[in-house]
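Numbering (my numbering), first residue to last: 8 to 405.
Cβ atoms here follow ideal geometry from the backbone N, Cα and C, with glycine treated the same way.
Notes for the one structure printed next.
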Amino acid sequence: MRICLQFYFRKTLVAGVEHIPTKGPVLFLSNHPNSFLEACIIACFQPRELHFLVRGDMFEKKWLKPILELTHQIPIFRMKDGFEKLKQNKSTFSRSFEILHEGKCILMFPEASTMYVPYMRPLQKGAARLACGTVEEFNTPNLNVICCGIHFTGAPYWRKEMILEFSNPIEINQYLQSKGNEEKLSYLTQKFSQTLQAKCISFQTDEDRIHQDHLVELELSQSKINSSKSQNLEIIEQIRTTISNYREKKYGSDFASILADYHQDYRNTREVNSYHAAQNLTLKYMLFLTSAFLAVPAIICYCLWFWMIKKWAKKAIKHIEFYAPVRIVISAFAHLIFSILIFILLLEFVPLSYSILILVVLQVSLYFSVKATDIWKEIRWHVHTPSKYQKSKRPYRF
Numbered sequence: 008m009r010i011c012l013q014f015y016f017r018k019t020l021v022a023g024v025e026h027i028p029t030k031g032p033v034l035f036l037s038n039h040p041n042s043f044l045e046a047c048i049i050a051c052f053q054p055r056e057l058h059f060l061v062r063g064d065m066f067e068k069k070w071l072k073p074i075l076e077l078t079h080q081i082p083i084f085r086m087k088d089g090f091e092k093l094k095q096n097k098s099t100f101s102r103s104f105e106i107l108h109e110g111k112c113i114l115m116f117p118e119a120s121t122m123y124v125p126y127m128r129p130l131q132k133g134a135a136r137l138a139c140g141t142v143e144e145f146n147t148p149n150l151n152v153i154c155c156g157i158h159f160t161g162a163p164y165w166r167k168e169m170i171l172e173f174s175n176p177i178e179i180n181q182y183l184q185s186k187g188n189e190e191k192l193s194y195l196t197q198k199f200s201q202t203l204q205a206k207c208i209s210f211q212t213d214e215d216r217i218h219q220d221h222l223v224e225l226e227l228s229q230s231k232i233n234s235s236k237s238q239n240l241e242i243i244e245q246i247r248t249t250i251s252n253y254r255e256k257k258y259g260s261d262f263a264s265i266l267a268d269y270h271q272d273y274r275n276t277r278e279v280n281s282y283h284a285a286q287n288l289t290l291k292y293m294l295f296l297t298s299a300f301l302a303v304p305a306i307i308c309y310c311l312w313f314w315m316i317k318k319w320a321k322k323a324i325k326h327i328e329f330y331a332p333v334r335i336v337i338s339a340f341a342h343l344i345f346s347i348l349i350f351i352l353l354l355e356f357v358p359l360s361y362s363i364l365i366l367v368v369l370q371v372s373l374y375f376s377v378k379a380t381d382i383w384k385e386i387r388w389h390v391h392t393p394s395k396y397q398k399s400k401r402p403y404r405f
């Protein structure tokens with residue numbers, strides 16, 4: 008799944024993994040803009056095995072229930088599911104208490120629903136109730152809560168960027184002394200909200216998100232992302248500083264000039280920075296042409312299928328929150344099935360060793376098709392005049 012995510016996103020910037028305890032119970036809390044995509048991302052980009060609290064109505068689908076249980080998912084019901092269903096949450100919380108007491112991890116989305124908005128919504132008290140209940144029910148001494156902030160620069164679109172940051176652990180026991188039950192829940196919910204908000208990159212409106220996502224993309228374009236924990240954290244802090252600086256300026260009709268100034272700063276940086284100096288425009292065109300040539304086999308074999316999936320997803324999926332995760336899953340499944348069919352067909356005409364070799368070459372070619380896309384995007388960022396970005400102020404229509 009991690010390979011699929013890295014295929015879908017152009018850059019994945021992860022920071023704070025070192026804060027996650029290697030053993031002992033951990034309750035992960037995350038913002039929730041894109042259905043089950045956040046669950047997949049957090050499961051893939053940190054080392055602990057997770058259990059998930061998910062919408063209870065998903066378990067009513069008989070074909071889906073075994074898959075959900077196999078992947079450690081636990082049903083939790085909401086008020087709109089009805090009072091009878093809501094009563095089943097007692098057993099859900101009891102089971103969750105036991106899982107945490109056994110030293111395992113649970114991922115929960117305290118916003119209680121998924122909504123593709125550019126800001127963090129108010130948190131419900133369920134996360135605080137789960138944390139307090141585990142400590143009080145089993146006297147669990149070392150329960151930690153980790154808040155996970157996730158940001159996408161346009162999740163519905165392929166080859167955009169994803170940022171994931173984990174907070175320092177919140178030790179629950181130190182917050183539970185000398186407080187009444189409701190006071191504890193309110194205090195912890197506020198603490199979780201403040202910590203999670205600090206790890207999210209939030210915008211006030213959709214228009215702000217479209218504008219400022221350009222700044223995030225530019226900042227990431229001039230940053231070399233690697234496995235360095237401190238460097239990735241510095242990049243995220245620089246992004247926050249950039250957004251804060253430009254948030255003080257006027258948007259609307261003046262934003263094109265604001266972005267133009269920043270774009271010019273970006274181009275100047277590329278010209279003087281020693282890392283980017285070697286990657287001149289001529290070299291990038293050569294790399295693009297080479298990658299595009301090597302991508303031809305994959306384009307012939309796979310691109311029609313991926314294009315059909317994209318068109319189907321856009322037509323069939325009614326809610327934008329489900330677009331990216333469903334497209335990723337369907338594309339991964341289609342790629343697997345079609346690769347198997349190609350392999351079976353090859354066996355009819357060439358020996359096994361050649362069939363394996365051709366299939367491997369196709370996967371390498373698919374990699375170069377992605378590289379060609381990324382290089383072309385870098386060329387466009389470099390050579391386009393800033394006025395072009397006036398045309399980019401489009402909402403995420405669905």
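For residue 315, the enclosing alpha helix (DSSP H) stretches over residues 311-323. A direct Cα-Cα distance of roughly 12 Å separates residue 123 from residue 157. In this structure, residue 308 and residue 335 do not form a Cβ contact; the two beta carbons are roughly 19 Å apart against a cut-off of 8 Å. The region 320-338 makes contact with the region 156-176; the number of CB pairs closer than 8 Å reaches 3 or more.
Here the alpha carbons of residue 385 and residue 177 stand approximately 40 Å from one another. As the crow flies, the alpha-carbon of residue 51 is around 21 Å from that of residue 71. Around residue 302, the same chain offers 372, 375, 376, 379 as residues with beta carbons nearer than 7 Å, after the five sequence neighbours per side are excluded. Proximity to residue 77 across 85, 25, 56, 86 peaks at 56, based on C-alpha coordinates.
Residue 151 sits in a strand when the DSSP states are folded into three classes. Residues 123 of the same chain have their beta carbon placed closer than 6 Å to that of residue 40, with the five preceding and five following residues left out of the count. The Cβ atoms of residue 206 and residue 139 do not sit closer than 8 Å to each other. In terms of Cβ geometry, residue 208 and residue 247 form a close pair [threshold 8 Å]. Taken atom to atom, the span from the alpha-carbon of residue 47 to that of residue 294 is near 32 Å. Residue 115 is bridged by DSSP to 36. With a cut-off of 8 Å on Cβ pairs, the region 88-104 is not in contact with the region 167-182, counting fewer than three such pairs.
Nearest to residue 146 by C-alpha distance, out of 105, 128, 114, 127, is 105. Distance check between residue 30 and each of 54, 119, 137, 58 places 54 closest, using alpha-carbon atoms only. The C-beta separation of residue 137 from residue 34 comes to about 6 Å, placing the pair in contact by the 8 Å criterion. The beta carbons of residue 316 and residue 347 sit no closer together than 8 Å. For residue 210, there is no enclosing beta strand (DSSP E), as DSSP gives it neither H nor E.
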